[in-house]
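Position one of the sequence shown corresponds to residue 507 (this note's numbering), numbered consecutively onward.
Step one of this worksheet: look at the structure below.
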Amino acid sequence: MPATVVIGAQWGDEGKGKITDTLSEAADMVVRYQGGNNAGHTIVVGEERFALTLIPSGVLYPQVTPVIGNGCVVDPAVLLDEMAALAERGIDPSRVRVSGNSHLIMPYHRKLDAVMERFLGRQQIGTTKRGIGPAYMDKFSRNGIRMQDLFDPKIFEQKLDIALKDKNRQLVKVYNQLEMDPAPILEEYLGYAEKLHGHITDTSLLVWEAIRDGKNVIFEGAQGTLLDIDHGTYPFVTSSNPTAGGACTGTGIGPGAIDDVLGVVKAYISRVGSGPFPTELEDEIGERMVEIGGEFGTVTGRRRRCGWLDAVALRYSVRVNGLTKIAFTKLDVLSHFETIKVAVAYDSLDQRYDEFPRQQRVLYNCVPVYEELPGWNTDISGVTSFDELPKEARQYVEYVEELAGVPIATVSVGPSRAATLQRG
Ligand code: GDP
Ligand code: IMO
Ligand code: MG
């Protein structure tokens with residue numbers, strides 16, 4: 507393992523939480539490097555279900571130090587609630603470490619996220635409305651307020667004043683909203699300082715020391731490759747870099763320290779929110795994927811759009827992340843289909859695309875070229891080794907592996923830890 511980046515290879519919700527949790531048994535540290543509480547990572551342990559949004563999935567193992575890196579945006583109320591909820595379930599949150607350089611999600615970010623979306627009308631992105639985009643906007647326009655500012659009340663107040671003057675102009679003049687008053691925000695946020703004090707540290711140093719000492723460190727991505735601000739289907743993306751490179755900038759670790767990049771790939775695809783999706787199925791098959799796969803958002807409860815696996819997008823993901831291996835999830839969901847399709851290219855106008863198209867408009871009007879494989883029509887959720895899988899299921903995995911050009915190291919056939927098949 508030593509340093510492994512776990513990324514979502516599609517549009518999110520591939521099962522990163524489950525895979526990270528499974529790997530965490532042998533980990534010393536699990537680090538989130540981007541995103542915030544727009545993520546929803548589900549872990550099932552026996553009868554219990556944990557839905558984590560901000561705290562890394564490794565938290566369920568007592569030997570793991572969960573770290574929230576500088577690349578994340580943190581809503582302190584959500585972080586404290588999540589820690590309290592874990593404590594109530596017997597999991598010690600005192601180990602959680604948060605970068606002083608991570609940016610704070612402020613009440614005006616949530617407000618702006620909601621009104622900006624409303625103003626976009628039919629063009630809206632379908633964000634999670636957690637304030638993620640506006641918080642990153644402030645980070646990059648250098649108006650952000652960082653976690654470390656909470657511990658310097660004077661500076662915090664000054665920064666809040668400057669930021670809120672600007673936000674209030676936007677809220678009132680552009681979005682026709684009421685002004686926000688700084689006083690209650692100041693009081694609320696300075697109240698978090700005391701509660702979070704023991705958790706804030708130089709996480710870049712902490713992670714570096716762990717790697718230097720030969721500890722097993724997992725970098726847990728949120729969202730997915732096609733939601734990446736640079737490499738995804740812009741503007742229908744999130745405002746950070748979920749791709750593997752983000753693990754370096756989002757934690758302060760150099761690329762040379764990374765040993766493996768594990769892509770989590772769902773056996774079909776889902777997408778929440780707007781944006782192009784060439785293999786989307788707006789028919790009964792897509793509906794069955796939603797039902798059987800339980801494809802409703804962990805964070806917002808929204809129905810996820812579903813469709814067949816897209817090998818064009820998968821190869822793109824292999825490339826932009828430098829994947830060294832794949833964890834293939836939710837194979838059990840496909841047990842209920844007569845045949846399984848995989849898109850191997852796109853046709854658009856007079857052209858065939860084997861590579862992910864450079865121009866996004868192609869994604870809207872292309873017709874996927876499908877290969878069709880036989881289904882297995884057998885429940886595989888109780889299978890305990892890869893060799894026990896029906897021949898057709900193994901064939902499907904091997905076919906995807908060949909298309910991806912990267913070994914599928916793990917196959918997941920259910921939400922639980924036990925339903926995880928290791929190969930080779
Ligand atoms: P993440 O955001 O990538 O962590 O994925 P989510 O947790 O949002 O969504 C994945 C969902 O599928 C969760 O409800 C998991 O419990 C569930 N899940 C994960 N792996 C499997 C699997 O192999 N089979 C089935 N049936 N469910 C799975
Ligand atoms: P996990 O980590 C799936 C989507 C939103 C929207 C777009 C922008 O659970 O895989 P944002 O609130 O980030 O500004 O919304 O990104 N999105 C996700 N989709 N899984 C996620 O996280 C997502 N996080 C954001 O639906 O389309
Ligand atoms: Mg999710």
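All residues carry an ideal CB built from backbone N, CA and C; glycine is no exception.
Source: prediction; values computed, not measured.
Spatial neighbours of residue i within its chain, please: CB distance less than 7 Å, with the 5 preceding and 5 following residues excluded, ordered by chain position.
i: R777; result: W517, F783, R810, R811
i: A750; result: V511, I513, V767, N827, G828
i: R601; result: T571, P572
i: G730; result: G514, A515, Q516, W517, G518, E520, P748
i: A773; result: L815, F834, T835, K836, L837, V839, L840
i: G546; result: A557, T559, G803, T804, V805
i: K721; result: D534, M535
i: V678; result: E685
i: A763; result: A509, I717
i: K665; result: I651, D655
i: L712; result: V573, R603
i: S887; result: D838, V919, G920, A925
Going by the DSSP bridge assignment, what does residue i pair with across the sheet?
i: D853; result: R858, V873
i: Q866; result: In DSSP, Q866 forms no bridge with anything.
i: F725; result: V511, V537
i: F843; result: F843 is not bridged to any residue.
i: R809; result: F802
i: A833; result: V770, T916
i: S922; result: V550
i: F556; result: I549
i: T571; result: M535
Could you give the distance in angstroms between the alpha-carbon of residue i and the alpha-carbon of residue j?
i: G756; j: N576; result: 5 Å
i: A925; j: T835; result: 10 Å
i: T806; j: D856; result: 40 Å
i: K671; j: A591; result: 35 Å
i: G769; j: H615; result: 31 Å
i: T633; j: D619; result: 8 Å
i: V570; j: D765; result: 19 Å
i: E877; j: H842; result: 18 Å
i: E715; j: V723; result: 11 Å
i: E623; j: E894; result: 48 Å
i: P659; j: L696; result: 7 Å
i: T707; j: V537; result: 13 Å
i: Q629; j: V621; result: 13 Å
i: L667; j: I798; result: Note on identity: in this sequence residue 667 is Asp, with Leu being the wrong assignment. Computed Cα separation, rounded: 50 Å.
i: I691; j: T739; result: 35 Å
i: E531; j: T916; result: 15 Å
i: F742; j: P874; result: 20 Å
i: D736; j: T744; result: 10 Å
i: E553; j: V906; result: 32 Å
i: L732; j: S823; result: 8 Å
i: C872; j: Y852; result: 6 Å
i: V551; j: D860; result: 40 Å
i: I914; j: V771; result: 9 Å
i: H705; j: T526; result: 22 Å
i: G934; j: F862; result: The shown model of the chain, from 507 to 930, leaves out residue 934, and the question about it has no answer.
i: V680; j: P508; result: 50 Å
i: K673; j: A899; result: 53 Å
i: L909; j: R821; result: 7 Å
i: K617; j: S647; result: 18 Å
i: S780; j: R718; result: 42 Å
i: I574; j: N883; result: 42 Å
i: I791; j: V848; result: 14 Å
i: E588; j: I631; result: 26 Å
Keeping to the same chain, check which residues put their C-beta closer than 8 Å to that of residue i; ignore five residues upstream and five downstream.
i: L702; result: P582, L585, L586, V604, M653, L656
i: Q901; result: L879, P880
i: D885; result: D838, S841
i: Y698; result: P582, A583, L586, L656
i: V565; result: V536, L558, P572, L592, I597, P599, R601, V602
i: S891; result: L927
i: G930; result: P913, A915
i: M795; result: Y774, S776, L787, E801, C812, G813, V839
Which residues in the same chain as residue i place their Cβ atom closer than 6 Å to its Cβ, once the five residues preceding and following it in sequence are excluded?
i: S710; result: G758
i: V868; result: S854
i: A641; result: V579, H609, I611, H615
i: D644; result: G650
i: F725; result: V511, V537, Y539, A753
i: E844; result: G881
i: F625; result: none
i: G541; result: A728, Q729, S746
Return yes when at least one heavy atom of ligand 4 lies under 6 Å from the C-beta of residue i, else no.
i: V550; result: Inclusion of ligand 4 in the displayed structure is not the case, the ligand content consisting of ligand 1, ligand 2 and ligand 3 alone.
List in chain order: all unbroken beta strand (DSSP E) runs of 3+ residues lying wholly within the stretch 770 to 799.
775 to 777
For ligand 3, which residues count as neighbours when the test is a C-beta closer than 5 Å to any heavy atom?
D519, G546, T804
Can you list the beta strand (DSSP E) stretches of 3 or more residues lying completely in the stretch 662 to 740, in chain order?
723 to 726
Any chance you could list the beta strand (DSSP E) runs of at least 3 consecutive residues sitting entirely within the stretch 585 to 673, in chain order?
603 to 605
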